[in-house]
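**Q**
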Amino acid sequence: MTGSLPTDPQQKPKKKKAARACVHCQKAHLTCDDSRPCQRCIKRDLASTCTDGVRKKAKYLQEVDQILSFSSGFSSTTPLEYSMLTNMLGSPHQFLDSASCSSSSSSTIDRDPVLLYPASRKTHFPNVKKPYNYVEGYHYLINYVRERMGRQELMRISKALSLFRPSMIASMMNLTEADLIFTERCLQRTMMEYEKLVSYSGTPTVIWRRTGEIVLVGKEFSLLTQWSKEALMNKKTYIFELMSHTSAIEYWEKYALHAFENANSAVYSTCILLSPTKRLVPCTFCFTIKRDIFDLPSIIIGNVRTKKSHYLFCCANLFLLYTCSFCLS
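Residues in the sequence shown are numbered from 1110 upward in steps of one, following our numbering.
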């Protein structure tokens, strides 16, 4: 008895899959062939309409106008932050009218004085009654990249956003409004501790939310970049506004890779900051993502140093990193 079965000479050879199925075979999920019209369409009298089917593109490969637009009727409530990312990456509708999405109007919104003056945080954080509106930050990001960057840069940022969108959906879909209010109270309370830690470290430090909105500025950061604390905190300012376009893109790409990983280590890179007079400030850049109790990125601690003081920067950043980790634990 041999180990192989006898072959049937009458057995028909298997059909070879075509590189691309026609529209009819694609719709019916059947095997097609490379000829046009294909044999199946000829038998079914569909030869006149037998053409190549259209493959679906990944969302980050769609046209920029589709990727960067979202429905103007989208709800601005914080529990739907992940829906904001979905619409931002795939909805075919126009997202805002020109009057409501101008960068000047978005950037001149007055900042809550609680975020500027540490003493007022103590009485504010227990009185948080609603979740923080992160959707506004995504609105501003989309408007910013549409107005100031080219097509290739827009595609890179859109691809970066699409990397952490599934994790954001999975983490937020079961959270209630009470959960989000609690996380905002925790963030406000944590910032009270960071105020003291940053003043002790001596390292140029700036802290922002996951949308990039700056919530704390150290004195050394102001000295390095010439941005005063009042200029950055009296109105909503985003960290990517202080970076060159290339540095902003690289930041979002690195953030997307590390936003939901388990490691709590810092991400080291370089960046070019912009002073109020648009002077370039080349820096060594490091940021650490801190998560809330639901494992969502809460705040990002950024440390910068001029490249001439790189060694001192690494030592000081390690001190601040371990101190902040101890504080949160």
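Yeah, the Cβ is synthetic: ideal placement off N, Cα and C, and Gly gets one too.
Taking three-plus beta-carbon pairs below 8 Å as touching, is the stretch 1296-1312 in contact with the stretch 1326-1344?
**A** Yes, they touch.
**Q** Glycine 1246 by DSSP, collapsed to three states: which one?
**A** Helix.
**Q** Quick check on this structure: which residue in Tyr1364, Thr1355, Arg1414 has the alpha carbon closest to the alpha carbon of glutamine 1261?
**A** Checking every option, the nearest Cα to that of glutamine 1261 belongs to Thr1355.
**Q** Given that a residue counts as buried once 16 or more other Cβ atoms are within 10 Å of its Cβ, and exposed if not, what is serine 1384?
**A** Counting Cβ neighbours within 10 Å, serine 1384 comes out exposed, since fewer than 16 surround it.
**Q** Kindly indicate which three-state DSSP category lysine 1152 falls into: helix, strand or coil?
**A** It is helical.
**Q** So, threonine 1292 versus glycine 1246, is the Cβ gap smaller than 8 Å?
**A** No; because the gap between Cβ atoms is not below 8 Å, this pair is not in contact.
**Q** Below 8 Å between beta carbons: does that hold for phenylalanine 1396 and isoleucine 1409?
**A** In this structure, isoleucine 1409 lies closer than 8 Å to phenylalanine 1396 by Cβ.
**Q** Where does valine 1163 fall in DSSP's three states?
**A** In the structure shown, valine 1163 sits in coil (DSSP, three-state: anything other than H, G, I, E or B).
**Q** Do you know offhand how far arginine 1318's Cα is from valine 1324's?
**A** One C-alpha to the other measures close to 7 Å.
**Q** Do the CB positions of isoleucine 1358 and arginine 1265 come within less than 8 Å of each other?
**A** It is a contact, given that the beta carbons lie within the stated cut-off.
**Q** Roughly how many angstroms separate the alpha carbons of alanine 1130 and threonine 1158, rounded to a whole number?
**A** So the alpha carbons of these two residues sit roughly 13 Å apart.
**Q** What separation, rounded to the nearest whole angstrom, lies between the Cα atoms of methionine 1439 and cysteine 1134?
**A** No statement about residue 1439 is possible, as the shown extent of the chain runs from 1110 to 1438 and does not include it.
**Q** Strictly by DSSP, which residues pair up with glycine 1411?
**A** Answer is Val1315, Phe1396.
**Q** Using only alpha-carbon positions, find the residue among Leu1333, Lys1238, Leu1263, Arg1255 that is nearest to glutamate 1286.
**A** It is Lys1238 whose Cα lies nearest to the Cα of glutamate 1286.
**Q** Just to confirm the assignment: which complete alpha helix (DSSP H) runs, minimum length 4, are found wholly within the stretch 1317-1373?
**A** Entirely contained in the stretch 1317-1373, the alpha helix (DSSP H) runs reaching 4 residues are, in chain order, 1328-1334, 1338-1342, 1354-1367.
**Q** Going by DSSP, name the residue or residues bridged to asparagine 1379.
**A** A small correction: the amino acid at residue 1379 is threonine; asparagine does not occupy that position in the sequence shown. For threonine 1379, which the question treats as bridged, DSSP gives the partners Thr1393.
**Q** Answer with buried or exposed for asparagine 1242, where buried requires no fewer than 16 other C-beta atoms within 10 angstroms of its C-beta.
**A** Classification for asparagine 1242: exposed.
**Q** Can you round the beta-carbon distance between tyrosine 1360 and cysteine 1380 to whole angstroms, since I take them to be within the 8 Å contact cut?
**A** Confirmed, Cβ separation roughly 7 Å.
**Q** Hey, out of Ala1137, His1138, Pro1406, Asp1161, whose CA is closest to serine 1144's CA?
**A** Ranking the options by Cα distance to serine 1144, first place goes to Asp1161.
**Q** Span of the alpha helix (DSSP H) holding glutamate 1288?
**A** According to the sequence displayed, residue 1288 carries aspartate and not glutamate. That run of the alpha helix (DSSP H) goes 1286-1310.
**Q** Does leucine 1250 pass the burial test, meaning 16 or more other C-beta atoms within 10 Å, or should it be called exposed?
**A** It counts as buried.
**Q** Quick check on proline 1240: does DSSP put it in helix, strand or coil?
**A** It is coil, neither helix nor strand.
**Q** With lysine 1136 as the anchor, note down where its alpha helix (DSSP H) starts and where it stops.
**A** Looking at the DSSP string, the run of the alpha helix (DSSP H) that includes lysine 1136 is 1132-1137.
**Q** Going by C-alpha distance, which of Cys1147, Asp1404, Leu1155 is nearest serine 1280?
**A** For serine 1280, the nearest C-alpha among the options comes from Asp1404.
**Q** To the nearest angstrom, report how far apart serine 1276 and phenylalanine 1369 are at their CA atoms.
**A** Looking at the two C-alpha atoms, the distance is approximately 7 Å.
**Q** Do valine 1376 and leucine 1382 come within 8 Å of each other at the CB atom, strictly closer than that value?
**A** Cβ atoms of leucine 1382 and valine 1376: not closer than 8 Å.
**Q** Taking the C-alpha atoms as reference points, what is the distance between alanine 1128 and valine 1163?
**A** Going from the Cα of alanine 1128 to the Cα of valine 1163 covers about 12 Å.
**Q** Using the DSSP secondary-structure output, state which residues sit across from proline 1406 in a beta bridge.
**A** Arg1400, per the DSSP bridge assignment.
**Q** Go ahead and pull the three-state DSSP assignment for serine 1384.
**A** Of the three classes helix, strand and coil, the one that applies to serine 1384 here is coil, per DSSP.
**Q** With H, G and I counted as helix, E and B as strand and the rest as coil, what does DSSP make of glutamate 1262?
**A** Glutamate 1262 falls in the helix class under three-state DSSP.
**Q** Run through DSSP, which three-state label would proline 1146 get?
**A** Reduced to three states, the DSSP call for proline 1146 is coil.
**Q** For threonine 1158, which of helix, strand or coil comes out of DSSP?
**A** It is helical.
**Q** Would you identify the three-state DSSP class for arginine 1257, choosing helix, strand or coil?
**A** In the structure shown, arginine 1257 sits in a helix (DSSP, three-state: H, G or I).
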